[in-house]
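>
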Amino acid sequence: MEFKIIGKTRLHIDGKDHDLGPAKHRGVLTLLLYHFPRSVQVDTIAQVLWPESSADQVRRSLQPIISRLRAILRRSGSGGGIPKEGNAYRLTLEPAELIDYHRFRKLAEKGRVAATEGDHRTAKELLREALSLWDGRPLQELEGTWADHCRDQMETFDRLPTFHALLDSQHQLGEHFEVMAEAGRLTATLPPDEVFAGLYMRSLNALGRYSAALDFYAAFCRRLFEHVGSEPGPELRDLYRAMLRKQESTAVPGDAPPHQVPLPARNFTGREGLLAELDALLDGDGARVVALHGMPSVGKSQLALKWAARHLHRFPDGNLFLDLRGASPATPVTPDDVLAFLLRSLGVERIPGTGGERQLELRRTIGARRMLILLDDAADSAQVRPVLAATPTCFTIITSRTHLLGLNVLDHVDLKPVPPLSTAESITLLRNAIGHDRSDGAPDALRDLAGLVDGLPLGLRIIAQRVAHRPGTAIPDLVEEFRSYDGLGVLGFVHDSDDESATLPVAFSWSFRDLPDGTAHLFRLLGLHPTAEFDVDAAAALSGESADVVTAHLGALLRRNLLDYGTAPRRFRLHDTLYGYAVHLMGRDEPARVRRQALTRLLDWYLASAEVAAHLLDPQTSPVPPLPGMATQFTPLGDEADALAWFTRNRQILVAAVTHAVRYGFNEHAWRLAANFHEAYDRSSTFGDVVTAHRAALKAAMVVGSTEPGGNAEAVSGTHSNLGMALYRLGRFAEARSHFEAGMAIAEGASVPEIHLVCAHNLASTLVQLGEVAAAIELYRKTLDSVRELGFRDGEAYALDQLANAYRKIEQDDLAIEHYYAALSIRRAIGHLRGQAITLTEVGRLHHERGEYEQALLRLNEALALHPLTGDGTRNGDALVAITEVEYDLGRFDDAVAHAERAASLCEAIGARENQGRALHLWGHALVALGDFDEAERRWRRAAEVLDGIADVEMGVLLDHLAALDRARDAIPAPRPAISDFSSAPAKEVTERKT
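Numbering (this note's numbering), first residue to last: 6 to 1000.
#1: With residue 268 and residue 314 assumed to form a contact (beta carbons below 8 Å), what rounded beta-carbon distance in angstroms separates them?
#2: Distance, Cα to Cα, residue 729 vs residue 52?
#3: Please classify residue 318: is it buried, with 16 or more other beta-carbons within 10 angstroms of its beta-carbon, or exposed?
#4: Under the three-state reduction of DSSP, which class applies to residue 570: helix, strand or coil?
#5: According to DSSP, which residues form a beta bridge with residue 45?
#6: Should residue 1074 go down as buried or exposed, given a rule of 16 or more other Cβ atoms within 10 Å for buried?
#7: Suppose you measure from the CA of residue 132 to the CA of residue 99; what does that come to, to the nearest Å?
#8: Rounded to whole angstroms, what's the CA-CA distance from residue 525 to residue 548? Just pull it up for me.
#9: Around the Cβ of residue 288, are there at least 16 other Cβ atoms within 10 angstroms (buried) or fewer (exposed)?
#10: In angstroms with no decimal places, state the Cα-to-Cα distance between residue 869 and residue 607.
#11: Going straight from the alpha carbon of residue 347 to that of residue 378, what length do you get?
#12: For the beta strand (DSSP E) containing residue 192, list its first residue and its last residue.
#13: How many angstroms separate the CA atom of residue 588 from the CA atom of residue 534?
#14: For residue 377, does the three-state DSSP call read helix, strand or coil?
#15: Assess, as a yes-or-no matter, whether the segment 595-604 is touched by the segment 619-638 under the definition of 3 or more beta carbon pairs within less than 8 Å.
#16: Since residue 22 sits in a beta bridge, which residues does DSSP pair it with?
#17: Would the beta-carbon of residue 719 fall within 8 Å of that of residue 619?
#18: Please classify residue 88: does DSSP put it in a helix, a strand, or coil?
#19: By Cβ distance, which residues of its chain are closer than 7 Å to residue 906, with the 5 residues on each side in sequence left out?
#20: Find out if the Cβ-Cβ distance for the pair residue 419, residue 294 is shorter than 8 Å.
#21: Checking the sheet assignment: what are the DSSP bridge partners for residue 324?
#22: Which value, in whole angstroms, describes the spacing of the CA atoms of residue 349 and residue 286?
#23: Could you have a look at residue 797 and say whether DSSP puts it in helix, strand or coil?
#24: Excluding the five sequence neighbours on either side, which residues of its own chain have a C-beta within less than 6 Å of the C-beta of residue 49, listed in chain order?
#25: In its own chain, which residues sit with a C-beta less than 7 Å from the C-beta of residue 801, not counting the 5 before and 5 after it?
#26: Just grab the DSSP bridge partners of residue 294 for me.
#27: Considering only residues of the segment 85-171, which uninterrupted alpha helix (DSSP H) runs meet the minimum length of 4 residues and lie entirely inside it, listed in chain order?
#28: Would you mind sorting residue 220 into buried or exposed? The rule is 16 or more other CB atoms within 10 Å of its CB.
#29: Going by alpha carbons, who is nearest to residue 692 out of 708, 665, 656?
#30: Residue 201 lies in the alpha helix (DSSP H); which residues open and close that run?
#31: What is the DSSP secondary structure of residue 692, reduced to helix, strand or coil?
#32: Where do the N-terminal and C-terminal ends of the beta strand (DSSP E) with residue 577 fall, by residue?
#33: Is the CB-CB distance between residue 885 and residue 908 below 8 Å?
#34: What is the rounded straight-line gap between the Cα of residue 70 and the Cα of residue 138?
#35: Taking 8 Å as the threshold (C-beta atoms), are residue 297 and residue 309 in contact?
#36: Report the residue from 68, 41, 12 whose alpha carbon sits nearest the alpha carbon of residue 30.
Dropping the structure here:
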């Protein structure tokens, strides 16, 4: 079964078209299918199908049509429905691929993803299948400006990009005749399109038809200028210049020039960006020096050789190559010997005795020659500086594992860091090495293989050979096997290689061998850190040395490209493979006692810091019991903002530290660490990470509970509660319920009333979400009585706040307001700023829903004054959106614009897409009310981009607004107010001021 809107609207079942009724019926269904799964406003349907009719006439005509369409859908067995939502209708259908247009978009997206990952065969099949669905004029049942605009959008953003991607994949597969034919047809029949023009030229170039490609370019330029009055963009111009360079003749001197640069590896992959940067340096003045630096085995030399192979014809006087042995097992070449080797390569028989004389002789011998010089594996700046002074007319490339900063500062040499390969480049390299037949059958496994190496070319080639040599084992099975190894894993095996230099441990050891003992010791200990990124204080905790000493060690690692800067000041990062090498060395060279002591210092430091930060965030909450005998050094933190910033910076590390602690048997550290960071990550909405950490923490707590006399009920029940809350935040309410109930049972059995109350309170919140509101209210009341009896003022405020939410859910607003203000009074008395801000935001929203606008503004402004102090960005965004809605309804459009702008910026920064889209939507309406239609259009278009793909947000209203702006710049519908999280009442309509 399939619904079709590309061409005539049809319902196709078992090879036959199902009767959909007259034209208006098909038109309404077309709109619902096009907007699926979003709702379509009645105003939109009227504008498109009944543009001359009044609103009453439209409603009288539309209702029977909807009824008949519902009957058609029911009789067809499609399972579809058309429920009414406020002043809108929505088509329900499962899945979306039953609609040809939506199936087209899904196939096209999968094809583009496959192409991005280098899987062009799969991309070709998917993209061809998608384009086969494009059969006729889209939305054929609809006419008018709106429908024409939609068709233009579908052509521009759907069909043509799919053609672009298909032809590019065919080009990558070497199907140049097919690309030439199709791209030629499209460039002739469509308005000038530079992407098709580029594909056509590339296909001609691949077929050796250079003159035809150059002639086409000239004709295309004339046509483009006539059509839009502009020249081609830089990409097409660069392609044209590259083809011109191919035809350049190369001068042949009388004496045969030296040609020493080796050929690059046959399966060289990627690096187009860096190759283009080197091209730009060469095209600048022809006499430049560039130094490529990066970590061991990242592919610096192969990059230089690949670039050289492309441009040898640009150096008619020859090329020189010298391995300087800066990081090899052999002794590095001295600067004087470098000059001597180059002189011998140029045919000089008598080599001067001193370095200065050799430098003068090399300069005299080179003269005005234009040569390429490749100096590979430089140890430091001093090793190559004499060559640079003697060869000013040559283009010189230097590769080094060392960051040659001196060359940049003193000699004005361009330094280019060589990073690891991208994921797409890594997959392509693996596919080429393993073979397409085997690789194409396991695209996900190939991506997983690439992830094991993190873009290191030598590692990728090693792992590809491991796979290629085991043809009888499925690639996914090999991935699982390779993942099971510690440290470098399969990349560290040296016993089955006939050449140790072709293994990563040996390649890394050449950079490691000259490190001072203290620096080498720290590098090994970094293999104990839970992640590859860390800061100076963590490294100091590991080593037991001062921060100043550790900083000096880290500087030495940076200079040798064994370390890189991290994401913030005083933070550093090991490449994943070097991190694996540190794990390998740590297990091989550091005694078990040293490892245990270092890991204890590190986990003590993280736990002590987390405890201090957690107390600053929420001083009202009972602290997690301290670990007896733990070291008390920690990061100094001044206030709540410092604490939240520390947790934010270290989120990935702390989550990993919990599982790390469990792995090494530090179970007491594990559950305490997770418990201390729970509050912080609840504020930042990183609940997926919290679930991962608390699952590990629960295992640790259970181990502790099974080994301690009487068990540790507080650890187990408290971790159940924290895990349940993280699952609750993710909307996984049934799972959350099971953990709250388990925590309650354990806490009750062990007489731990505080945790029992927390679990009961959280269970009640879960029951609200599961629709068991009456049971939740009863449980909240019991919890409230208990916390009052125990004197827990903070717990009392929480219970009152949640009772208010439950009363809103059943539309008992008076009781909700009463409980909100009771909670607010307690939170003010105990100084709980975050709690005050949360309650003020919710009570402000409730006042707004009741039409009490001034009260709503008062409470929301109080909330906005508090939210920044607590660092709760999510709740701050809620308050900003809420106050924007109130100001809009009051006609205070300038204030609404200001708050909407703040809300959109904040929500974008924290990834709160739904609130960001809502803020942009409101912003646009306020701008319309102020008469600024152009800015309103920009805000609405951005809102549509942000909200795209969020299932529970309706975007149809935004498209209606944009269509109205395009036609008349007037009569823009009012925004639909947000529906409260705690009310099932339909959104009320708000009438916008006429502009």
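Ideal placement from N, C-alpha and C gives every residue a C-beta, glycine not left out. Nothing here was measured: the structure is a model prediction, and the numbers come from that model.
To lay it out plainly:
#1: 6 Å
#2: 49 Å
#3: So residue 318 counts as exposed.
#4: DSSP places residue 570 in strand when its eight states are reduced to three.
#5: Note: residue 45 sits in a beta bridge opposite 94.
#6: Past the edges of the chain, shown from 6 to 1000, lies residue 1074, and the structure says nothing about it.
#7: 23 Å
#8: 11 Å
#9: exposed
#10: 39 Å
#11: 9 Å
#12: Not the beta strand (DSSP E): residue 192 falls in the alpha helix (DSSP H), residues 181-194.
#13: When only Cα atoms are considered, residue 588 and residue 534 end up about 9 Å apart.
#14: strand
#15: no
#16: 17
#17: No, Cβ-Cβ distance for residue 719 and residue 619 is not below 8 Å.
#18: coil
#19: 928
#20: yes
#21: DSSP, once it has assigned bridges, lists 264, 377 as partnering residue 324.
#22: 28 Å
#23: coil
#24: 965
#25: 789, 792, 793, 831
#26: 401
#27: 105-121, 125-137, 150-159
#28: Residue 220 comes out exposed.
#29: Of 708, 665, 656, the residue nearest in Cα terms is 656.
#30: 199-211
#31: helix
#32: 576-578
#33: yes
#34: 28 Å
#35: yes
#36: 68
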